[in-house]
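Colleague: So the protein sequences, as listed, match chains A, B and C. Positions 1 to 95 (the numbering used here) are the ones given, in order, by the first sequence. Positions 1001 to 1594 (the numbering used here) are the ones given, in order, by the second sequence. Positions 2001 to 2490 (the numbering used here) are the ones given, in order, by the third sequence.
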Amino acid sequence: MNFLERQLEDPICFARIKRWFYISLVVIALVEGLVLLAPIALPKLFPHEEHHRFWFESIPAFGSLYGLVSCVAIIVISKFLGKVWLMRREDHYDS
Amino acid sequence: MILDALNISWLHPGLVLILGAWILPLLRGWARRALMVAIPAVAVVICLGMTKGTYGEVSFLGLEVVFGRVDQLSLIFSYVFSIMALLGMIYALHVEHNSQHVTALIYAGGALGVTFSGDFISLYVFWELMAISSALLVWQSREPGAGRAGFRYLLVHIVGGLILLAGIVLYGSENNNSFAFGNMAALEHTAAWWLILLAFLINAAVPPLGAWLPDAYPEASVTSAVFMTAFTTKSAVYVLIRGFPGTELLVWLGAAMAVYGVVYAVLENDARRLLAYHIISQVGYMVCAVGIGTALALNGAAAHAFAHILYKALLFMGAGAVIQMTGRRKLREMGGLYKTMPITLTLYMIGAFAISAVPLFSGFVSKSMIVSAAGEQHLMWIFLTLTLASAGTFLHTGLKLPYYMFFGKDSGLQGKEPPTNMLVAMGLAAAACVAIGIFPSLLYQHLPFAADYVPYTLQHVTSTLGMLAFTALGFFLLLKHLDPEPKISLDTDWFYRRGSLIFVKLFQKPLARFESDSMGKVCDVVMRRFVLGTGGLLRNFDTHVVDFAVVGVGRLTQVLSRILRTTMSGNTQHYALMMAAGVLAVLTLAMIVR
Amino acid sequence: MTYPILTLITFLPLVGTAGILLFGRGRHARWIALATTLATLAAMAPLCSGFDKTKSGLQFVDSVAWISMGNLQINYQLGVDGISLPFIILSGLLTLLCVGASWTAIRTRDREFYAALLIAETAMIGLFAAANFFLFFVFWELMVVPLFLLIGVWGGPNRVYAAVKFLIFTLAGSVLMLVGMIALQVATPEAGLNFKQLTGTTLDTTLQIWLFLAFLAAFAVKVPMFPVHTWLPDAHTEAPTAGSVILAGILLKMGAYGFLRVALPVLPQAVQIFLMPMLIISVVAIIYGAYVTLAQTDIKRLIAYSSVSHMGFVTLGIFTLDQRAVEGAILQMINHGVISAALFLCVGMIYERTHTREIKDYGGVAKTAPRYAALLALFCLAAAGFPGLNSFVGEFLIIGGAFKTNAWLGILAIWGVGLGTTYLLWLYYRMVMGEMNPGLQGLKIELTAREILTLAPLAFLALYLGLHPECVLSYLHIPVSELPNIIATP
């Protein structure tokens, strides 16, 4: 797949991809925050909105925030558990 | 139509699979392949054409046995099981060994049997059938660890089956000899209730009872593993929905399960073991939903099971294709395959997006139901936990696995696209994932309860997108720390693999003698040390104590007779002496007694 | 029925024996034996078709005045009821299959072998058809001699030890049974030791206890119950295939049948007193037998020990005194007869080729002998209690009764089922799956047509009894409900 190969291998193309990635992150976060306000501003256009059940749903861009936090937390805690306790040599059970 | 003409009101699709499987070894070449696809296709057609009602009622030993309870809940599961059987057979068309196909079809047939059973007796029959056929599936693999892993798998499922049997017997005696299978709420917290729940949880791979799943699934062959992901755990979910809706314990277990799977998956080096842990995670969502028990939650559990079977199969198919074409299973040894296996990559990514609940894919429309149900019930921590697990799912299945398999540092492996049948199967599954994602009503109309849930709300979509995007950010930031290590992780199977060793060290010395080579090669640590240890001990007891006691009496008799024989010397004088001595003794005795 | 059908069936094999001794030169003996066993089995057909399941009491009775001295009146009486009929048919079937299995295996002194086999058949059928205790005892003793010969002459390397052990164990029990029988006659002279008439009488409780112990000695050895079971592994292992089939298939059942015929109807109070100890010994037999089975390295010995465990289930079922469980126990006796016969036949067939019974000499049989592997799989699954096959029904009924008596009994019984499944599937895995053992290379292991024909009826029965157990259970409802102290199903 030459197209994909070019995109990933070529450093200039790759840098461009990274840039688009960061831009899209910002866009998504912004849209998320705006969406919170939309039902208040334009109730007719958005009839299906669920009303918030939890306090944190009112935080703008909560999804994005929680996503980042979750990801980091999972990686850190799991690696920690692994190092301290769970990880063993591959032939641990063979005796 | 044909069935009406034949005067059969209903044909059990599971029976079609189980019996049809036995015809396979009789055919060859293209006829065999055609039949491989035709049998599950017939089952699919039957399932789609079924009308609701109760069929196949048989009286056995004076008990009511119902083989065909057809209602919305069993229908939706039957659709996905039969479709899965079809996809799995298409995926396995290239495999020459008939035994795998026969076993797989019987396994799928057993799952259909469980789905339609209306009472515990038929449930037990098909439950055991599934356990044995899936163990055979593991054993048929060529992998070196398959023998032992299959044996551990079999042991766990035998124990689970026995617990179920005990529960069923108790249930029958408490219930006036009625074994009807339905909502068990009336018997809540009785012994029968606990036992049956326990047996169901074992099959659903709920931690701490679920270590058999990541242990056995990676050892099965590439094509068998695809079958295994679908049936055991999802039929367990079905019976949980049927029998234990609204049980609060399940809410907590399910949420814990969802996170547990994700945590272990981070540490995994073996591609399919990682996916296996994700099965645990996703089933956790379903178990949690069963516990929540509202109509929305149960709908969500059924919908998620449906979607999960399809996208999990797709993921296993994709990973399996890579393993088959490269010969490697550890993530550390792969990489750079996007150049040579782009179609596999694309299809895999569709599955990954589905499992991560990316909007426009099937996972999104099903998982949201569960999370919203948690929200509706104001279960804040459950809501947060499930969302966290979603992030973790995307992290592993959508980012980590493809990164290390397809991208990442080039391992120099020369991959090729897998054979066409595998691509076709993957393509069909992928198409289903996308179709359900874009047209959720396709799935919603078959749900057990009326569903007026709308997944595509602006807020929901953006929130999900945000979560996924920022998870990806986290992934790329911490990429260095995620390199898979050549290690294995301990799970609760430690207890029956190692823990018992310590317990048995006490018995070790007297038993060291009879450990022979062949036992060491094939059998498992559990069998050898713990169970066999007791067996050997008792065997020696039997030979040296019990038998010895009885035979000892015989030997004593022999000795006595030998001693007595010496008195028969053939010498008349001796005889005379003996006679005189005897008479004297009798006289003395008589005088004393008097 | 105007002719004495039971007498005919019982003594037809003896006619065959005479035939063999007169005409059995060369290899003719086995043909005569085959013809005789086929004829005997065929002669049983009118028994089935003419049997009335709704009548209580014995049917097809042959009664002739026999011994009468003073007030001692013992008649020659044969009769069947619902409990004995299945066993008679099983005896006929298994003896026929034994002839089929020994067709090529027995080469030396085959005249005497088949003669002994037929005498054993007479003893078996006679025992189940006996309507009074005297005949019961006669046939019980008669059974020992041909089997002693079968084991001691045509058996394995350690045969003499095994045969003598079998003889001494059995006779020790029989002596006590004789004493008990005489005491019974003295206590109830007018009954003439007839079972039906003895059931009516109430004996003094102390006498009952002693009688029960006397009979227990004989029956417990035969079943075998722990701890007098140690003759069984040696006898089963050293016997030729036909001997093992008869031993496991019928002989063991004679002990449990004795409980049903003699102990339960005639000594109800004693049974009540000994109930708990018997239940406990049964459960011990189940678990202990299973554990010892796990540690075996010789296939035949493994199957032999598994019989200890399975018969533990039977006695457990009988002594719960619950109607369904007792029916299940009787059914399980038939099932076990079918399955262990099948397993011993399978082992015998492969032993004929490989001449080794050690499990470690096997492996990967499935590759060269798929039909053998398939049949063995069926029988292993059936023995393990797989639902849909015969043992499941029996075990289910027995476990149900066990739970009703005492929850712990039920739990231990289920544990026994689990162990049973484990050792059988493990045996199967070691023998049939995995890589081919190099020692088996080049051997033609696959079954011949004759062998498949021998196993076919057993395979059919395993399936049929599993799916339609009513065919046997329907005979049992009336006679079991008439046993004293039976807890009937509501």
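Glycine is no exception: its CB is placed at the ideal position from the N, C-alpha and C atoms.
Check the Cβ of residue 1256/B against every Cβ in chain A and list those closer than 8 Å, keeping chain order.
Modeller: Start at 1 with the first residue of the second sequence, and residue 1256/B comes out as number 256. None at all; the shortest Cβ gap to chain A is about 14 Å.
Colleague: If you draw a straight line from the C-alpha of residue 2142/C to the C-alpha of residue 2121/C, how long is it?
Modeller: Taking the first residue of the third sequence as 1, we reach residue 2142/C at position 142. Taking the first residue of the third sequence as 1, we reach residue 2121/C at position 121. The straight-line gap from Cα to Cα measures roughly 10 Å.
Colleague: Which whole-angstrom value describes the C-beta separation of residue 2398/C and residue 2413/C, a residue pair presumed to lie in contact below a C-beta threshold of 8 Å?
Modeller: To locate residue 2398/C, count along the third sequence from 1; it is residue 398. To locate residue 2413/C, count along the third sequence from 1; it is residue 413. With a Cβ gap of about 7 Å, residue 2398/C and residue 2413/C count as contacting.
Colleague: For a quick check, are the C-beta atoms of residue 1024/B and residue 1102/B less than 9 Å apart?
Modeller: By 1-based counting over the second sequence, the position of residue 1024/B is 24. By 1-based counting over the second sequence, the position of residue 1102/B is 102. Yes, the pair counts as a contact, with Cβ atoms nearer than the cut-off.
Colleague: Select from the region 2400-2423 of chain C all residues with a C-beta closer than 7 Å to any C-beta belonging to chain B, and list them in chain order.
Modeller: 2400, 2403, 2404, 2410, 2411, 2414, 2417, 2418, 2421, 2422
Colleague: Within its chain, find whatever has a CB closer than 7 Å to the CB of residue 1167/B; leave out the 5 residues flanking it on each side and keep chain order.
Modeller: Numbered from its first residue, the second sequence carries residue 1167/B at position 167. Closer than 7 Å at the Cβ level, and outside the excluded window around residue 1167/B, lie 1192, 1195, 1196, 1199.
Colleague: Residue range of the beta strand (DSSP E) that residue 1209/B falls in?
Modeller: Start at 1 with the first residue of the second sequence, and residue 1209/B comes out as number 209. Per DSSP, residue 1209/B belongs to no beta strand (DSSP E) and is neither H nor E.
Colleague: Closest by CA to residue 1292/B, which one among 1382/B, 1323/B, 1331/B?
Modeller: Here residue 1292/B refers to the residue found at position 292 when the second sequence is read from its first residue. That would be 1382/B, whose Cα lies nearest to the Cα of residue 1292/B.
Colleague: Is the Cβ-Cβ distance between residue 2131/C and residue 2219/C less than 9 Å?
Modeller: Translated into the one-based positions of the third sequence, residue 2131/C becomes position 131. Translated into the one-based positions of the third sequence, residue 2219/C becomes position 219. No, Cβ-Cβ distance for residue 2131/C and residue 2219/C is not below 9 Å.
Colleague: Give me the chain B residues within the contact set of residue 58/A, using Cβ-Cβ distance strictly less than 8 Å, ordered along the chain.
Modeller: Residue mapping note: residue 58/A aligns to position 58 of the first sequence, counting from 1. The contact set of residue 58/A on chain B, defined by CB atoms closer than 8 Å, is empty, because the minimum CB distance reaches about 11 Å.
Colleague: So which residues of chain B does residue 2393/C contact, with C-beta pairs closer than 9 Å?
Modeller: Locating residue 2393/C in the third sequence gives position 393, counting from the first residue. What residue 2393/C touches in chain B: 1060, 1061.
Colleague: Per DSSP, what are the beta-bridge partners of residue 1565/B in this structure?
Modeller: Against the second sequence, residue 1565/B aligns to sequence position 565. According to DSSP, residue 1565/B bridges with nothing at all.
Colleague: Is residue 1066/B near residue 1186/B, with beta carbons less than 9 Å apart?
Modeller: For this step, residue 1066/B is matched to residue 66 along the second sequence. For this step, residue 1186/B is matched to residue 186 along the second sequence. Not closer than 9 Å, so no.
Colleague: Thinking C-alpha only, which one of 1036/B, 1356/B, 1235/B is nearest residue 1421/B?
Modeller: Here residue 1421/B refers to the residue found at position 421 of the second sequence. Of the listed residues, the one whose Cα sits closest to residue 1421/B is 1036/B.
Colleague: In three-state terms, what does DSSP make of residue 2488/C?
Modeller: In the third sequence, residue 2488/C corresponds to position 488, counting from 1. It is coil, neither helix nor strand.
Colleague: With DSSP as the reference, label residue 1183/B as helix, strand or coil.
Modeller: Taking the second sequence and counting its residues from 1, the one referred to as residue 1183/B is at position 183. In the structure shown, residue 1183/B sits in coil (DSSP, three-state: anything other than H, G, I, E or B).
Colleague: Is DSSP giving residue 1054/B helix, strand or coil here?
Modeller: Position 54 of the second sequence holds residue 1054/B. It is a strand residue.
Colleague: For residue 1473/B, would you say it is in contact with chain A, using Cβ-to-Cβ distances shorter than 9 Å as the test?
Modeller: Residue mapping note: residue 1473/B aligns to position 473 of the second sequence, counting from 1. Cβ-Cβ to chain A under 9 Å: yes for residue 1473/B.
Colleague: Under a three-way DSSP split, which group does residue 2132/C fall into?
Modeller: Position 132 of the third sequence holds residue 2132/C. Three-state result, residue 2132/C: strand.
Colleague: Interface residues of chain C around residue 1124/B at Cβ under 7 Å?
Modeller: Taking the second sequence and counting its residues from 1, the one referred to as residue 1124/B is at position 124. Chain C residues near residue 1124/B: 2387.
Colleague: Please identify the residue among 1245/B, 1329/B, 1249/B, 1097/B whose C-alpha is closest to the C-alpha of residue 1297/B.
Modeller: Within the second sequence, the letter at position 297 stands for residue 1297/B. Scanning 1245/B, 1329/B, 1249/B, 1097/B for the CA closest to the CA of residue 1297/B turns up 1245/B.
Colleague: Could you have a look at residue 1523/B and say whether DSSP puts it in helix, strand or coil?
Modeller: By 1-based counting over the second sequence, the position of residue 1523/B is 523. Reliability of the predicted coordinates at residue 1523/B is poor, the pLDDT of 38 falling under 50, and the value obtained from them is presented with this limitation in mind. Note: residue 1523/B maps to coil in three-state DSSP.
Colleague: Quick one: grab the DSSP three-state call for residue 1066/B.
Modeller: In the second sequence, residue 1066/B corresponds to position 66, counting from 1. Note: residue 1066/B maps to strand in three-state DSSP.
Colleague: Within a Cβ cutoff of 7 Å, which residues of the same chain sit near residue 2187/C, ignoring the five residues on either side of it in sequence?
Modeller: Translated into positions along the third sequence, residue 2187/C becomes position 187. Cβ within range, chain order: 2203, 2207.
Colleague: Does the beta-carbon of residue 2476/C have 16 or more other beta-carbons within 10 angstroms, so that it is buried, or is it exposed?
Modeller: Start at 1 with the first residue of the third sequence, and residue 2476/C comes out as number 476. Counting Cβ neighbours within 10 Å, residue 2476/C comes out buried, since at least 16 surround it.
Colleague: Would you list the one or two residues that DSSP bridges to residue 2064/C?
Modeller: Taking the third sequence and counting its residues from 1, the one referred to as residue 2064/C is at position 64. Paired residues: 2076/C.
Colleague: As an exercise, report each continuous alpha helix (DSSP H) stretch of at least 4 residues that is fully enclosed by the region 1377-1438 of chain B, in chain order.
Modeller: 1380-1393, 1401-1406, 1420-1438
Colleague: Could you spell out where the alpha helix (DSSP H) holding residue 1129/B opens and where it closes?
Modeller: Looking up residue 1129/B in the second sequence gives position 129. Bounds of the alpha helix (DSSP H) holding residue 1129/B are 1120-1139.
Colleague: Here's a check: name, in chain order, each residue in its chain whose Cβ is nearer than 7 Å to the Cβ of residue 2042/C, leaving out the five neighbours to either side.
Modeller: As a position in the third sequence, residue 2042/C is number 42, starting the count at 1. For residue 2042/C, where only same-chain residues beyond five positions count, there are no Cβ hits under 7 Å.
Colleague: Between which two residues does the alpha helix (DSSP H) containing residue 1144/B stretch?
Modeller: By one-based count along the second sequence, residue 1144/B stands at place 144. Membership of residue 1144/B in any alpha helix (DSSP H) is not indicated, and neither H nor E is assigned to it by DSSP.
Colleague: Just grab the DSSP bridge partners of residue 1059/B for me.
Modeller: Sequence index remark: in the second sequence, residue 1059/B carries index 59 (1-based). The partner list for residue 1059/B (beta bridge, DSSP) reads 1064/B.
Colleague: Determine the burial state of residue 2084/C: buried for a count of at least 16 other Cβ atoms within 10 Å of its Cβ, exposed for fewer.
Modeller: Within the third sequence, numbered from 1, the residue matching residue 2084/C stands at position 84. In summary, residue 2084/C is buried, with 16 or more beta-carbon neighbours lying within 10 Å of its beta-carbon over all protein chains present.
Colleague: Alpha carbon to alpha carbon, what distance is there between residue 2111/C and residue 2025/C?
Modeller: The sequence position of residue 2025/C within the third sequence is 25, counting from 1. The sequence position of residue 2111/C within the third sequence is 111, counting from 1. The straight-line gap from Cα to Cα measures roughly 7 Å.
Colleague: Determine the DSSP secondary structure at residue 1504/B, reduced to helix, strand or coil.
Modeller: For the purposes of this step, residue 1504/B is taken as residue 504 along the second sequence, with counting starting at 1. Unreliable placement is indicated for residue 1504/B, whose pLDDT of 47 sits below 50; the coordinate value is still reported in the next sentence. Helix.
Colleague: Does DSSP put residue 1341/B in a helix, a strand or coil?
Modeller: Start at 1 with the first residue of the second sequence, and residue 1341/B comes out as number 341. Correct three-state label for residue 1341/B: coil.
Colleague: What does residue 1158/B touch in chain C if you count any residue whose Cβ is under 7 Å from its own?
Modeller: What you label residue 1158/B is simply residue 158 of the second sequence in a count that begins at 1. Within chain C, the residues near residue 1158/B are 2418, 2421, 2422.
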